[in-house]
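*Asks:* Residue -16 is where the sequence shown starts when you use this note's numbering, and the numbers rise one by one after that.
I have a structure I would like to understand better, so I am pasting it below and will then ask my questions one at a time.
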Amino acid sequence: MSSKSELQRTAEEDGLLSEPAVAPLTGNGHRPGFDLQAYAREERMRLLHRLFVLPGLESPRTVLFCGVGAENGSSLVCARTAKALASQVKRSVCMVDANWRYPSLHETLQTYNHCGLSDAVLRLGGIRNVARQMNGGNLWLVTAGMRISEPHALLTSECLQSRLAELKSDFNYILVDGPPVDIYVDAMILGKLVDGVVLVLQANSTRRETARRAKECLESAGVRLLGAVLNRRTFPIPEFLYHKV
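Here it is, written out as structure tokens:
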């Protein structure tokens, strides 16, 4: 049996491999119900384990979250995953909004988008100039900054690669919110600059064929696909049946 990797040992020390705390099932009147918030927390912990502690593989440090289509909730999934990761490890975690066409990570976090990634690439210099510490902890944010309608030249610039290299040097984990796959080539370009991509699908909305095409587009571009997240999932099971499931 091979020995544990340095990353796995670090994850154990940081608590990343510990079992998530799951709240008990709660009742509603005289009928037992299902605690959806507890279930969502458990699912986020499973996602963290699968993303950042992969036995036998090099675990990613930079991950791009992008929707299959527009409004699939990639910003929300990226933000919640980053917050959960920061709460489980002692090391630094940075969220980055790289959706320059339609930036929304700052709105998800209910904060402002003043100077961000585009400004650092275009004129401000070091990425630390635009990185913002959240609540004095180990979670940081780099907003999109100036909105850019045609970001192809910026996405393919050496300056962006330099800024991403600075992020990797300054932070232990970088979670990037990117544009949807089925509309622009931006996600494919960004996917080559990170360790892997997580596709975000919207329950009851994203079509199977559309998701399959998005997967094929990423793979044909040589992008490492780490997995997919089904966002806004509902549980159409009558409450009185939950205790039998």
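Using N, Cα and C, we set each Cβ at its ideal position, and we do this for glycine too.
All of these numbers come straight from a predicted model, not from anything done at the bench.
Does DSSP classify ASN112 as helix, strand or coil?
*Replies:* By 1-based counting over the sequence shown, the position of residue 112 is 129. Reduced to three states, the DSSP call for ASN112 is helix.
*Asks:* How many angstroms separate the CA atom of LEU176 from the CA atom of VAL164?
*Replies:* Counting from one through the sequence shown, the residue named residue 176 turns up at place 193. Counting from one through the sequence shown, the residue named residue 164 turns up at place 181. Near 15 Å, if we compare the C-alpha coordinates of VAL164 and LEU176.
*Asks:* Is it buried or exposed for CYS142, if we count other Cβ within 10 angstroms and need 16 for buried?
*Replies:* Walking along the sequence shown from the start, residue 142 turns up at place 159. Exposed, because fewer than 16 other Cβ atoms sit within 10 Å of the Cβ of CYS142.
*Asks:* Contact defined as beta carbons within less than 8 Å: I believe ALA53 pairs with ALA127. What is the distance between those atoms, to the nearest angstrom?
*Replies:* Counting from 1 along the sequence shown, the entry for residue 53 is found at position 70. Counting from 1 along the sequence shown, the entry for residue 127 is found at position 144. Your pair ALA53 and ALA127 does not check out as a contact, with CB atoms roughly 16 Å apart and the cut at 8 Å.
*Asks:* May I have the straight-line CA-CA distance separating ASN112 from ALA103, to the nearest angstrom?
*Replies:* Counting from one through the sequence shown, the residue named residue 112 turns up at place 129. Counting from one through the sequence shown, the residue named residue 103 turns up at place 120. Their Cα atoms are separated by approximately 8 Å.
*Asks:* Along the chain, where does the alpha helix (DSSP H) containing VAL60 start, and where does it finish?
*Replies:* Taking the first residue of the sequence shown as position 1, residue 60 is located at position 77. Under the DSSP assignment, VAL60 falls in the alpha helix (DSSP H) whose first and last residues are 57 to 71.
*Asks:* Using the beta-carbon count (16 or more within 10 Å), is GLY50 buried or exposed?
*Replies:* As a position in the sequence shown, residue 50 is number 67, starting the count at 1. By the 10 Å Cβ count, GLY50 comes out buried.
*Asks:* What is the DSSP secondary structure of LEU92, reduced to helix, strand or coil?
*Replies:* Within the sequence shown, residue 92 is the residue found at index 109, counting from 1. If DSSP states are grouped into helix, strand and coil, LEU92 belongs with coil.
*Asks:* Buried or exposed for ALA6, please, with buried defined as at least 16 other CB atoms from any protein chain shown within 10 angstroms of its CB.
*Replies:* Indexing the sequence shown from 1 puts residue 6 at position 23. Unreliable placement is indicated for ALA6, whose pLDDT of 36 sits below 50; the coordinate value is still reported in the next sentence. Per the 10 Å Cβ criterion, exposed.
*Asks:* Quick check: the stretch 88 to 99 against the stretch 55 to 69, are at least 3 beta-carbon pairs closer than 8 Å?
*Replies:* Cβ pair count under 8 Å is three or more, so yes.
*Asks:* Just confirm the distance between the C-beta atoms of SER58 and SER101, as a whole number of angstroms; I'd bet it's less than 8 Å.
*Replies:* Locating residue 58 in the sequence shown gives position 75, counting from the first residue. Locating residue 101 in the sequence shown gives position 118, counting from the first residue. Rounded, the Cβ-Cβ distance is 16 Å, inconsistent with contact.
*Asks:* Go ahead and label GLN185 buried or exposed: buried means 16 or more other beta carbons lie within 10 angstroms of its beta carbon, across all protein chains shown.
*Replies:* The residue given as residue 185 occupies position 202 in the sequence shown. Buried: at least 16 other Cβ atoms inside 10 Å.
*Asks:* Closest to ALA170 by CA distance: which of CYS77, LEU138 and ALA211 is it?
*Replies:* Position 187 of the sequence shown holds residue 170. Nearest of CYS77, LEU138 and ALA211 to ALA170, Cα basis: LEU138.
*Asks:* Could you please give the first and the last residue of the uninterrupted alpha helix (DSSP H) stretch that includes THR193?
*Replies:* The residue given as residue 193 occupies position 210 in the sequence shown. Annotation: the continuous alpha helix (DSSP H) that includes THR193 extends over 191 to 203.
*Asks:* In the DSSP assignment, find the beta strand (DSSP E) that holds ILE157 and state where it starts and stops.
*Replies:* Here residue 157 is taken as the residue at index 174 of the sequence shown, counted from 1. Segment 156 to 160, the beta strand (DSSP E) holding ILE157.
*Asks:* Around the Cβ of ASN118, are there at least 16 other Cβ atoms within 10 angstroms (buried) or fewer (exposed)?
*Replies:* Taking the sequence shown and counting its residues from 1, the one referred to as residue 118 is at position 135. Exposed, because fewer than 16 other Cβ atoms sit within 10 Å of the Cβ of ASN118.
*Asks:* By a C-beta neighbour count over all protein chains shown, 10 Å radius and 16 as the cutoff for buried, is SER42 buried or exposed?
*Replies:* For this step, residue 42 is matched to residue 59 along the sequence shown. Answer is buried; the Cβ neighbour count reaches 16.
*Asks:* Quick one: what's got a C-beta closer than 7 Å to VAL206's C-beta in the same chain, skipping five residues either side?
*Replies:* For this step, residue 206 is matched to residue 223 along the sequence shown. Sequence-distant Cβ neighbours of VAL206 in its own chain, meaning closer than 7 Å and more than five residues away, are MET171, GLY174, LYS175 and VAL180.
*Asks:* Suppose contacts are defined by Cβ-Cβ distances below 8 Å. Is ALA69 in contact with LEU31 by that definition?
*Replies:* In the sequence shown, the residue the question calls residue 69 occupies position 86. In the sequence shown, the residue the question calls residue 31 occupies position 48. Taking 8 Å as the Cβ cut-off, ALA69 and LEU31 do not qualify as a contacting pair.
*Asks:* Ignore the nearest five residues each way along the sequence and tell me which others in ARG27's own chain have a CB closer than 7 Å to its CB.
*Replies:* Position 44 of the sequence shown, counted from the first residue, corresponds to residue 27. ARG63, THR64 and ALA67, listed in sequence order.
*Asks:* Comparing alpha-carbon positions, which option in ILE131, ILE166, ASN55 and ILE157 lies nearest ARG74?
*Replies:* As a working mapping, residue 74 is identified with position 91 in the sequence shown. Considering only alpha carbons, the answer is ILE157.
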